[in-house]
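One structure is given here, and the rest of the page talks about it.
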Amino acid sequence: MAHGSSALSEKCGFEPYWWRAAPLEEKEANAALPATTDVAIVGAGITGLVAALHLARGGRKVVVVDAGPPGHGASTRNAGYVGRTLKHGFGELIDSHGLDFARAIYRELMEAFIAVKETVEEEKIACHYRQQGRFLMATSPAMYEAMTRDFALREKHLGEPFAAVSRAEQASEIATRRYFGGVRIADHAGLHPGLYHRGLLAAARKAGALVIGHAAVLRVAGVAGSFRLATRRGQISARDLIFATNGYGDSAWPWLRRRVMPFDAYQTVSAPLGEDRVRALMPADRTYIDWNFNVDWMRRVPGDPTRIVFGGLTGGRDQDLRIMAERLRLRLLRVFPDLGELRFDAVWTGKCGGTFDLYPHIGRHNGIHFAVGYCFAGVPMGTLFGIKLARRILGSKGGESAFDRPLPTMPFYWGNPWFVPAAISWLSRHDR
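Numbering (our numbering), first residue to last: 30 to 461.
Okay, structure coming up:
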């Protein structure tokens, strides 16, 4: 087998599969960095590009800089899930903060969900966006009961319908006995993350934003109204500044680095299995994810129904992708034991951005705007936060957010998340 692993096909690569349909730009494609701009945005992922698009249409001169090619980070490394997810359940938020708080948080999740659909439609982005529904799987009978209780509360207080699917009925959703039933949410969506990002990049540039890659920010100085950025491609001054780096931030802004924990999420795409076989395994063609804290997820590949996307084992640090491929193969075979000959054509990782309170955050500190900590909801929350950041700078309505809360840190944390594997293991203790 290629690369010395029985989990890998002869054609296997270690870059995101999504880059095959949406290749990243070469360095030579970048324009020169101007000396001044109205708004500088650090990070050319979903958040940064959506903010740039709306700011440019609002009449601002916008420059977006990124340490690598635009889209090299999590925006093109994720699974393309578009839902209303949070690490805090609705019932948990009612118990801890009250019903009004829970409603505000989950209504904003709905706002984020709708923002993706509207963005795809308004910008005419061809990215296989489809409201195919989601099936959330329980890994124990107790989890199934907890899921149905939580979603019943959402239906009661938010008006969001769901269907409980018992273990005896789940074969119509997914052909496995691994799970103990689950919850079906009919309107959740999926898309191709590489093509979504490429569409956002084209839209931002068409609106007049300048997007420049390979321009890592080295230092930030100044105050609100007069910021100065030193980058690897020169210096730029800006009246307003946004940091939209999430798990890819570095030492340029130490305050933010102390509050975000980057950690790896691993993902694979199978070699072709045949359309009929994939349809038999996932007859409902939804986005599938279990309800564990440390989740496994899978779906048919958008644009290629002969393949499966599968991911999991989140939180490992600097793991050899060959080893992770072997481990992911074993996990997928627990779901579909008949795929004994399974091989992967792509294996990759990407940095997620976690926060100490497990909430996404949007805010402003020392005059610098930021949005971070998506906790597995990067496509919808990144889209919405980009819109809200633009509204805040433009002074227009709709910039307020229930996620504009104090962004915590921990004593002696300076940006090295050495403890993340142990923390995820502890938080996952009830997954079984």
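Positions of the beta carbon are idealized from the N, C-alpha and C atoms, including for glycine.
Span of the alpha helix (DSSP H) around residue i
| i | result |
| --- | --- |
| Leu138 | 128-152 |
| Trp284 | 283-286 |
| Asp216 | That residue, Asp216, is in no alpha helix (DSSP H); it is neither H nor E in DSSP. |
| Arg421 | 407-423 |
| Tyr173 | 170-187 |
| His83 | 75-86 |
| Arg113 | Unbroken run through Arg113: none, as it is neither H nor E. |
| Leu371 | Leu371 -> no alpha helix (DSSP H), and no H or E assigned at all. |
| Glu23 | There is no way to answer for residue 23, as the model of the chain reaches only from 30 to 461. |
Rounded straight-line distance, which links the Cα of residue j to that of residue i
| i | j | result |
| --- | --- | --- |
| Gly77 | Leu122 | 29 Å |
| Thr260 | Gly383 | 26 Å |
| Pro312 | Ile75 | 31 Å |
| Met139 | Arg113 | 6 Å |
| Thr177 | Val111 | 21 Å |
| Gly332 | Tyr225 | 13 Å |
| Val212 | Gly118 | 14 Å |
| Cys404 | Ala61 | 34 Å |
| His243 | Ser299 | 31 Å |
| Arg421 | Glu429 | 8 Å |
| Arg89 | Ala81 | 9 Å |
| Ile134 | Ala431 | 6 Å |
| Val145 | Gln160 | 11 Å |
| Asp216 | Ile203 | 18 Å |
| Leu84 | His157 | 26 Å |
| Ala73 | Thr66 | 16 Å |
| Ser425 | Pro170 | 48 Å |
| Glu44 | Trp377 | 5 Å |
| Gly102 | Gly379 | 7 Å |
| Pro435 | Glu147 | 29 Å |
| Lys23 | Ala253 | Only positions 30 to 461 of the chain appear in the structure, and residue 23 is not among them; the question remains open. |
| Phe130 | Ala193 | 26 Å |
| Leu53 | Arg206 | 40 Å |
| Leu258 | Gly427 | 28 Å |
| Glu189 | Arg183 | 6 Å |
| Ala69 | Phe399 | 12 Å |
| Gly369 | Leu362 | 7 Å |
| Glu198 | Asp124 | 31 Å |
| Ser201 | Asp95 | 44 Å |
| Thr438 | Arg268 | 28 Å |
Residue j beta carbon less than 8 Å from that of residue i
| i | j | result |
| --- | --- | --- |
| Ala8 | Arg372 | In the structure as shown, the chain starts at 30 and stops at 461, and residue 8 therefore has no counterpart that could be examined. |
| Leu418 | Ile271 | yes |
| Val92 | Ile265 | yes |
| Leu423 | Gly87 | yes |
| Pro446 | Met290 | yes |
| Gly444 | Arg234 | no |
| Tyr295 | Gly340 | yes |
| Ser34 | Arg351 | yes |
| Val401 | Asn275 | yes |
| Glu152 | Gly228 | yes |
| Arg315 | Gly162 | yes |
| Thr335 | Gly303 | yes |
| Leu220 | Gly100 | no |
| Trp455 | Gly223 | no |
| Tyr208 | Asp319 | yes |
| Gly210 | Tyr173 | yes |
| Val307 | Val71 | no |
Residues bridged to residue i (per DSSP)
| i | result |
| --- | --- |
| Lys380 | Asp293 |
| Val194 | Gly211 |
| Ala69 | Val92, Leu270 |
| Val246 | Thr260 |
| Arg163 | Ile214, Thr316 |
Start-to-end residues for the beta strand (DSSP E) that takes in residue i
| i | result |
| --- | --- |
| Asp319 | 316-319 |
| Ala51 | No beta strand (DSSP E) holds Ala51; DSSP gives it neither H nor E. |
| Val401 | 397-401 |
| Leu239 | 239-241 |
Please specify which runs of the alpha helix (DSSP H), each continuous and at least 4 residues long, are wholly inside the region 326-365, giving them in chain order. 350-364
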